[in-house]
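Step one of this worksheet: look at the structure below.
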Amino acid sequence: MPIFDMFRHSWLVAGRIALFYLVFSLIWIYLGDLMLFHLIEDTNRLTRWQTYKGAFFVVLSSTLIYALILHAVKTLKREQAKAEKILSSRNTALKQRNSALKQFNYAVSHELKTPLVSIESSLGLIHSSLPQNMDPELTTAIGYARSATRQMNNLLESLLLMFQLDAADRVTGATALRALVQDAIDQLTRGGKLNGIKLTIADEGLDFCGDRNKLVQIWLHLIGNAAKYMGDQKHPAIAIGAEPVGQDIRFFVRDNGKGIEMSYQDKIFGLFDRLDKTADGTGLGLTLVKRIVEYYGGTIRVESAGAGQGSCFYFTLPDALINKDRTT
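For the sequence shown, the positions run 1 to 328 when full-length UniProt numbering is used.
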């Protein structure tokens, strides 16, 4: 039954009951008094019987009101149970659709990676086989194609990680903060993305219990972003560490790079949002970081005084952190 029709029906029922009660009350009072006046002449007896009549009317009214309220409560409970059943059924169906959609997206992304790897390898082979006097425009075109293929591959990697976030953690034991940060630094160093940058790691002896691959992604993307947007800084530096804030431990990745305009600081965690559209990247890195942080019950934000003032990402990981009291 539509909501409007249900309320309309309820008002009609309530109106009929109120009208019936009004008519019954008037008839009871008028006929009762009329009958008592005709049957009883003694004033004291008449007063006493009128009191009895009034008390009986109160009892009868109370019983009627109780019955109506009880009926209304039972009706509401039935409607509530029916609505909860419908809601539960729809939630289950929605979860099944979302699960199927995630599986489909994961399968498509995974299947697309194989031909991309083949394309990139083939382009590399073609490029290395070109003679020295080959048309430079062809060489440039192949370079663009290889770059686009790598970017597409990186995008698929990020999407696959997004789809895997809801999967159960692969926990192999406690992992130290320094080990996670060093893993991220090693990956970035192999890609030549940290050349000339001074790195400072404040090791507080903190340990995590969680999926190592998921946790590494946080520092991998935050440190990688700091290096990517370093700008023309003569003495580029990135500081990584943790600090106590009240009863919590707050992690940070701080740089002295380009900085972030105030108007853009609320947007950088959005899907496919990038600070510099000309820079390499998929626009999924910080979105992925935010999802992982929230997966472990934390929050993340960025602080920057503006362009050219550097930036600092602060985040918490309460559900993954083991020894929270080490820095206090």
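We treat Cβ as the ideally placed atom computed from N, Cα and C, and that holds for glycine. Keep in mind it's a predicted model, so treat the numbers as computed, not measured.
Can you list, in chain order, the residues of its chain with a C-beta nearer than 7 Å to that of residue i? Leave out the 5 residues immediately preceding and following it.
| i | result |
| --- | --- |
| GLU142 | It should be noted that the sequence gives Ile, not Glu, for residue 142. So the list reads LEU123, ILE126 and HIS127, once near-sequence residues are dropped. |
| GLN187 | LEU220 |
| PHE288 | First, the amino acid is wrong: residue 288 is Leu here, not Phe. If we look at LEU288 and ignore the five residues flanking it on each side, its Cβ neighbours are SER158, LEU161, MET162, GLN217 and HIS221. |
| GLY32 | LYS53 |
| VAL59 | none |
| MET152 | LEU116 |
| GLY298 | PHE315, THR316, LEU317 and PRO318 |
| ALA145 | LEU123 |
Tell me which residue opens and which closes the alpha helix (DSSP H) that residue i is part of.
| i | result |
| --- | --- |
| GLY259 | First-last for GLY259: undefined, no H or E at that position. |
| ILE185 | 177-190 |
| GLU294 | 285-295 |
Within the same chain, show all residues whose beta-carbon is closer than 6 Å to that of residue i, passing over the 5 residues directly before and after it, in chain order.
| i | result |
| --- | --- |
| ALA237 | LYS198 and ASN256 |
| ILE119 | THR149 |
| GLN265 | VAL302 |
| THR328 | In this prediction, THR328 scores a pLDDT of 47, lower than 50, which makes its location untrustworthy; the coordinate-derived value is nonetheless stated afterwards. Within the same chain, THR328 has close Cβ partners PRO244. |
| LYS258 | TYR229 and GLY231 |
| CYS312 | PHE252, ARG254 and GLU303 |
| GLY310 | ASP255, ASN256, GLY257 and GLY259 |
| ALA184 | VAL216, TRP219, LEU220 and ILE223 |
| ALA176 | ASP207 |
| TYR314 | ARG250, PHE252 and ARG301 |
| GLU137 | none |
In the DSSP assignment, find the beta strand (DSSP E) that holds residue i and state where it starts and stops.
| i | result |
| --- | --- |
| GLU303 | 300-303 |
| LYS198 | 198-201 |
State the Cα-Cα distance for the pair residue i and residue j, rounded to the nearest angstrom.
| i | j | result |
| --- | --- | --- |
| LEU12 | HIS71 | 16 Å |
| PRO131 | THR139 | 10 Å |
| SER46 | GLY54 | Note that residue 46 is Leu in the sequence shown, not Ser. Those two C-alpha atoms are separated by around 12 Å. |
| VAL293 | SER147 | 30 Å |
| PHE24 | ILE65 | 14 Å |
| SER158 | ALA100 | 19 Å |
| ILE300 | GLN233 | 25 Å |
| PHE37 | LEU26 | 17 Å |
| residue 331 | GLY15 | Within the shown structure, residues of the chain are numbered from 1 to 328, placing residue 331 beyond reach of any answer. |
| GLY306 | ARG291 | 25 Å |
| MET262 | THR75 | 54 Å |
| ILE17 | TYR30 | 20 Å |
| LYS193 | ALA227 | 7 Å |
| LYS85 | PHE20 | 35 Å |
| LEU116 | SER129 | 20 Å |
| LYS214 | ASN133 | 47 Å |
| THR316 | LEU155 | 26 Å |
| THR51 | MET35 | 14 Å |
| HIS235 | THR200 | 13 Å |
| ARG190 | ALA239 | 19 Å |
| THR114 | GLY196 | 34 Å |
| ALA320 | GLU204 | 15 Å |
With which residues is residue i paired in a DSSP beta bridge?
| i | result |
| --- | --- |
| ARG250 | GLU243 |
| TYR314 | PHE252 and ARG301 |
| LEU321 | PHE208 |
| ILE238 | LEU199 and ASP255 |
Using a 10 Å radius around the Cβ and a threshold of 16 neighbouring Cβ atoms, would you call residue i buried or exposed?
| i | result |
| --- | --- |
| TYR229 | buried |
| GLN80 | exposed |
| ASN44 | exposed |
| TYR296 | buried |
Which residues in the same chain have their Cβ closer than 8 Å to the Cβ of residue i, if we skip the five residues on either side of it in sequence?
| i | result |
| --- | --- |
| ALA174 | ASP207, PHE208, CYS209 and ILE322 |
| GLY270 | THR287 |
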